[in-house]
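Peer 1: Would you mind keeping the following structure in view while I ask a few things?
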Amino acid sequence: MSIALLFGLFFGLLVIGAPIAIALGASTFITLVTMTSTSPLEISGMIFEKIDSYSLMAIPMFILAGNLLSKGSSAQRIIDFAKSVVGHLPGGLPMAAIFASIIFAAVSGSSPATVVAIGSIMFGAIEQAGYPKRYAIGTVATAGSLGILIPPSIVLIVYGVTAEVSIGKLFIAGIVPGIMIGIMMMAVTFIGAKRLGFKHTKPEPFSVRLGKMKDASWAL
16 MSIALLFGLF FGLLVIGAPI AIALGASTFI TLVTMTSTSP LEISGMIFEK
66 IDSYSLMAIP MFILAGNLLS KGSSAQRIID FAKSVVGHLP GGLPMAAIFA
116 SIIFAAVSGS SPATVVAIGS IMFGAIEQAG YPKRYAIGTV ATAGSLGILI
166 PPSIVLIVYG VTAEVSIGKL FIAGIVPGIM IGIMMMAVTF IGAKRLGFKH
216 TKPEPFSVRL GKMKDASWAL
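In this text, residue positions in the sequence shown follow my numbering: the first is 16, and each later residue adds one.
Written out as structure tokens, the structure is:
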């Protein structure tokens with residue numbers, strides 16, 4: 016009965032347009048108060064005990080870093096650097112989006128922030144270069160998901176705090192898989208673009224690449 020009430024309240028609040036955070040909190044609170052002997056004061060104490068964690072303090076800081084990068088020119092500089100490195104290859108623009116997402120994810124720790132920052136710039140550029148719209152959307156969305164693995168991942172922080180596992184070890188464990196997945200995504204993009212015959216640009220001079228790397232140095 017309590018489970019039915021919990022999910023009923025949760026989905027009911029979602030249907031009327033309540034934010035997910037409010038729906039989760041309100042449905043849990045009402046279920047605990049009505050279906051158990053837990054008092055509201057005990058619930059507030061439990062909530063404070065769970066969020067009173069030094070590790071969780073990192074999450075808003077990473078979100079802030081991601082928002083600052085996406086609102087400023089850092090995301091554009093990262094993209095320019097990525098395009099100078101791989102933009103001349105077949106599938107260069109999608110590969111640059113993936114490469115830039117790897118770098119951005121390593122700063123912000125947030126997949127949504129990565130998708131917004133990189134996708135808002137690269138989606139239109141990829142589509143204008145002659146790639147199908149679905150291809151552009153898929154590239155940006157999947158590249159942004161690398162933020163789940165590549166440290167400092169907010170998901171890994173929450174998992175580490177919840178499961179009481181070393182967050183440092185989780186970060187170390189996510190480095191190699193995250194980079195490998197990114198490289199494999201770039202390889203698939205390269206092979207697919209070569210087979211489909213998408214156009215690619217000429218490689219930029221080394222001095223231009225070096226200049227773009229210097230421009231992106233603070234973001235990197």
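We put the beta carbon where it would ideally sit given N, CA and C, even for glycine. Computed from a prediction, not measured in an experiment: that's the story for all the values here.
Would you tell me roughly how many angstroms separate the C-alpha atoms of A151 and I141, rounded to the nearest one?
Peer 2: Looking at the two C-alpha atoms, the distance is approximately 6 angstroms.
Peer 1: How about I136 and I194: do their beta carbons lie closer than 8 angstroms?
Peer 2: No, they are not a contact pair.
Peer 1: Tell me the start and end of each unbroken alpha helix (DSSP H) in the region 74–150 that is at least 4 residues and wholly inside, in chain order.
Peer 2: You should have 89–101, 107–123, 126–143.
Peer 1: So is T51 buried or exposed if we call it buried at 16+ other beta carbons inside 10 Å?
Peer 2: When all chains shown are included, T51 counts as exposed.
Peer 1: Between which two residues does the alpha helix (DSSP H) carrying G240 extend?
Peer 2: Here the chain comprises residues numbered 16 to 235, so residue 240 is not present and cannot be evaluated.
Peer 1: Have a look at K86 and S17 and give me their C-alpha separation to the nearest angstrom.
Peer 2: Whole-angstrom Cα-Cα distance: 44 angstroms.
Peer 1: For S54 and V48, I'd like the C-alpha separation in whole angstroms.
Peer 2: Going by the C-alpha atoms only, they are around 6 angstroms apart.
Peer 1: Based on Cα-Cα distance, which residue from A115, S68, L56, F77 lies nearest to M201?
Peer 2: Closest by alpha carbon: A115.
Peer 1: Which stretch, first to last residue, makes up the alpha helix (DSSP H) that contains E251?
Peer 2: Residue 251 is absent from the structure shown; the chain starts at 16 and stops at 235.
Peer 1: Between I62 and R224, what straight-line distance do the alpha-carbon atoms span, to the nearest angstrom?
Peer 2: In a straight line, the C-alpha of I62 is about 50 angstroms away from that of R224.
Peer 1: Just to confirm the assignment, what range does the alpha helix (DSSP H) spanning L29 have?
Peer 2: Note, L29: alpha helix (DSSP H), 17–30.
Peer 1: Taking the alpha helix (DSSP H) that K65 belongs to, which residues open and close that run?
Peer 2: Start and end: 55–66.
Peer 1: What's the C-alpha gap between T129 and A158?
Peer 2: Each residue's alpha carbon lies about 8 angstroms from the other.
Peer 1: Are F44 and A90 touching if we call contact CB-CB under 8 angstroms?
Peer 2: Contact flag unset, no.
Peer 1: Rounded C-beta distance between L161 and I196? I'm assuming under 8 angstroms.
Peer 2: Their Cβ separation, rounded to whole angstroms, is 6 angstroms, which keeps L161 and I196 in contact under 8 angstroms.
Peer 1: Relative to the C-alpha of L104, which candidate in T154, F205, S232, G226 has its C-alpha closest?
Peer 2: When each option's Cα is compared against that of L104, the closest is F205.
Peer 1: I need the DSSP call for K227, collapsed to helix, strand or coil.
Peer 2: Here K227 sits in helix by DSSP.
Peer 1: Work out the CA separation of V176 and S68 for me, nearest whole Å.
Peer 2: Rounded to the nearest angstrom, the two C-alpha atoms are 8 angstroms apart.
Peer 1: Measuring straight from C-alpha to C-alpha, what distance separates E179 and A112?
Peer 2: Each residue's Cα considered, the two are about 34 angstroms apart.
Peer 1: So, I240 versus I133, is the Cβ gap smaller than 8 angstroms?
Peer 2: With the chain covering only 16 through 235, there is no way to say anything about residue 240.
Peer 1: Once the 5 residues before and after L28 are set aside, which same chain residues still bring their CB inside 8 angstroms of it?
Peer 2: Counting only Cβ-Cβ distances below 8 angstroms, and skipping sequence neighbours, we find I37, A38, A41, S42.
Peer 1: A73 and I198 - do their beta-carbons sit closer together than 8 angstroms?
Peer 2: No; because the gap between Cβ atoms is not below 8 angstroms, this pair is not in contact.
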